[in-house]
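My numbering numbers the first residue of the sequence shown as 1 and each following residue consecutively.
Don't be surprised by glycine CBs; every beta carbon is placed ideally from N, CA and C.
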Amino acid sequence: MSRLGTAFIESIVAFAATNIDDIIILLLFFSQVNINFGRRHIVFGQYLGFGLIIIASLPGFFGGLVVPPEWIGLLGILPIAIGIKQLVNREQEATEVQTVTSNFKPSSATNPILSFILSILSPQTYKVAAVTFANGGDNISVYIPLFAGNSLARLGVILAVFFLMVGVWCAIAFLLTRHSTIAYILSRYGKAVVPFVLIGLGLFIMYERGTFSLLAWVIGNW
């Protein structure tokens, strides 16, 4: 498989593993849609918040330009540690999402394009973005080693898949609001799989960057 194909699969796995809980939050948001809080606020807010997570993770890529990939692979320990922590601590953390309220009033502007832009830039969008970013602490810990040691082309593939998956996640959450049984199964069992996926992802990051060979050399010369 080509390196770009590997990056494609790796990015899908990484996104799914780090955003299972976002499905639950999006379900809560979509269940609150009304005349002042629309689907566009949720979608654009999700993209804005996720974009901030990506920006916070990019130092991993730039660090990978000067640090040997074998050492960069040691960052794979981060998702492994997160996965082990989730396995040890099986108590589900309560996700608190403040009910989105608004004093926003529709614009009286006659230009429909301007009205749409102003509605997107409303406090509703920023609130969704804030919740998305605040919920992305573990994402950053996983994305930093994922970005590090990659070429610019591979990073481009990863980011393209990530932002495509944000739209897919929003669509899935919206559809799940109409299927309560599926939503229950996802919220009940989805998190049970995530720790194993994170551990596997961390091991893959270390393997792909040759870190195991480095560790074997260090142990052999200890």
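#### Entry: Nearest residue (CA-CA) to Gly-200, options Ile-77, Val-33, Thr-132 and Ile-158
Locating residue 200 in the sequence shown gives position 200, counting from the first residue. For Gly-200, the nearest C-alpha among the options comes from Ile-77.
#### Entry: For Ile-55, the three-state DSSP class (helix, strand or coil)
The residue you call residue 55 lines up with position 55 of the sequence shown. Of the three classes helix, strand and coil, the one that applies to Ile-55 here is helix, per DSSP.
### Query
What are the boundary residues of the alpha helix (DSSP H) that includes Ile-158?
Reading the sequence shown from its first residue, position 158 is the one you call residue 158. Note, Ile-158: alpha helix (DSSP H), 152-176.
#### Entry: 7 Å Cβ shell around Ala-81 - same chain, five flanking residues per side excluded
Numbered from 1 along the sequence shown, position 81 holds the residue referred to as residue 81. Nothing listed; no residue qualifies.
### Task
Between the Cα of Leu-164 and those of Ile-25, Gly-51, Thr-6 and Asp-21, spot the shortest distance and give me the residue it belongs to.
Taking the sequence shown and counting its residues from 1, the one referred to as residue 164 is at position 164. Looking at the Cα atoms, Gly-51 is the closest of the given residues.
### Message
Closest to Ile-205 by C-alpha separation, out of Ser-122, Asn-36 and Gly-149, would be which residue?
### Response
Residue mapping note: residue 205 aligns to position 205 of the sequence shown, counting from 1. When only C-alpha atoms are compared, the closest one is Gly-149.
### Message
Using the three-state DSSP reduction, which class does Phe-8 fall into: helix, strand or coil?
### Response
Translated into positions along the sequence shown, residue 8 becomes position 8. DSSP places Phe-8 in helix when its eight states are reduced to three.
### Task
Just mark Asn-135 as buried or exposed, buried being the case when its beta carbon has 16 or more other beta carbons within 10 Å.
What you label residue 135 is simply residue 135 of the sequence shown in a count that begins at 1. Per the 10 Å Cβ criterion, buried.
### Message
What does the alpha-carbon distance come out to for the pair Leu-155 and Gly-202?
### Response
Start at 1 with the first residue of the sequence shown, and residue 155 comes out as number 155. Start at 1 with the first residue of the sequence shown, and residue 202 comes out as number 202. The straight-line gap from Cα to Cα measures roughly 17 Å.
### Query
Is the CB-CB distance between Gly-49 and Ala-171 below 7 Å?
The residue labelled residue 49 in the question sits at position 49 within the sequence shown. The residue labelled residue 171 in the question sits at position 171 within the sequence shown. Not a contact, by the Cβ cut-off of 7 Å.
### Query
Between the Cα of Gly-45 and the Cα atoms of Lys-85, Phe-133, Leu-87 and Gly-60, which residue gives the shortest distance?
Position 45 of the sequence shown, counted from the start, is the residue given in the question as residue 45. Closest by alpha carbon: Phe-133.
### Task
Compare the beta carbon distance of Phe-61 and Ile-42 with 7 Å and say whether it is the shorter of the two.
The sequence position of residue 61 within the sequence shown is 61, counting from 1. The sequence position of residue 42 within the sequence shown is 42, counting from 1. Taking 7 Å as the Cβ cut-off, Phe-61 and Ile-42 do not qualify as a contacting pair.
### Query
Are the CB atoms of Gly-73 and Thr-211 nearer to each other than 7 Å?
The count along the sequence shown starts at 1 and reaches residue 73 at position 73. The count along the sequence shown starts at 1 and reaches residue 211 at position 211. Yes, they are a contact pair.
### Task
Apply the 10 Å Cβ neighbour rule to Gln-32 and answer buried if 16 or more other Cβ atoms are within range, or exposed otherwise.
Taking the sequence shown and counting its residues from 1, the one referred to as residue 32 is at position 32. Result: exposed.
### Query
Roughly how many angstroms lie between the CA atoms of Lys-127 and Trp-71, to the nearest whole one?
As a first step, residue 127 is located in the sequence shown; it is residue number 127 there, counting from the start. As a first step, residue 71 is located in the sequence shown; it is residue number 71 there, counting from the start. Their Cα atoms are separated by approximately 38 Å.
#### Entry: 6 Å Cβ shell around Ala-160 - same chain, five flanking residues per side excluded
Residue 160 sits at position 160 when you count from the first residue of the sequence shown. Nothing listed; no residue qualifies.
### Task
Would you mind sorting Val-193 into buried or exposed? The rule is 16 or more other CB atoms within 10 Å of its CB.
Within the sequence shown, the letter at position 193 stands for residue 193. By the neighbour-count rule (16 or more Cβ atoms within 10 Å), Val-193 is not buried but exposed.
### Query
So what's Val-33 in DSSP terms, helix, strand or just coil?
Indexing the sequence shown from 1 puts residue 33 at position 33. Three-state DSSP puts Val-33 in coil, outside helix and strand.
#### Entry: With 16 other Cβ atoms within 10 Å as the buried cut-off, status of Leu-175
By one-based count along the sequence shown, residue 175 stands at place 175. Leu-175 comes out exposed.
#### Entry: Alpha-carbon to alpha-carbon, Ser-57 and Ser-141
Working through the sequence shown from its first residue, we reach residue 141 at position 141. Working through the sequence shown from its first residue, we reach residue 57 at position 57. Cα to Cα, Ser-141 sits roughly 8 Å from Ser-57.
### Message
If distances are taken between C-alpha atoms only, which option among Ile-158, His-179, Pro-195 and Thr-177 comes closest to Ile-9?
### Response
Walking along the sequence shown from the start, residue 9 turns up at place 9. The option with the nearest alpha carbon to Ile-9 is Ile-158.
#### Entry: CB-CB length for Asp-138 against Thr-6, believed under 8 Å
For this step, residue 138 is matched to residue 138 along the sequence shown. For this step, residue 6 is matched to residue 6 along the sequence shown. In fact, because the Cβ distance is near 23 Å, the residues do not count as touching under 8 Å.
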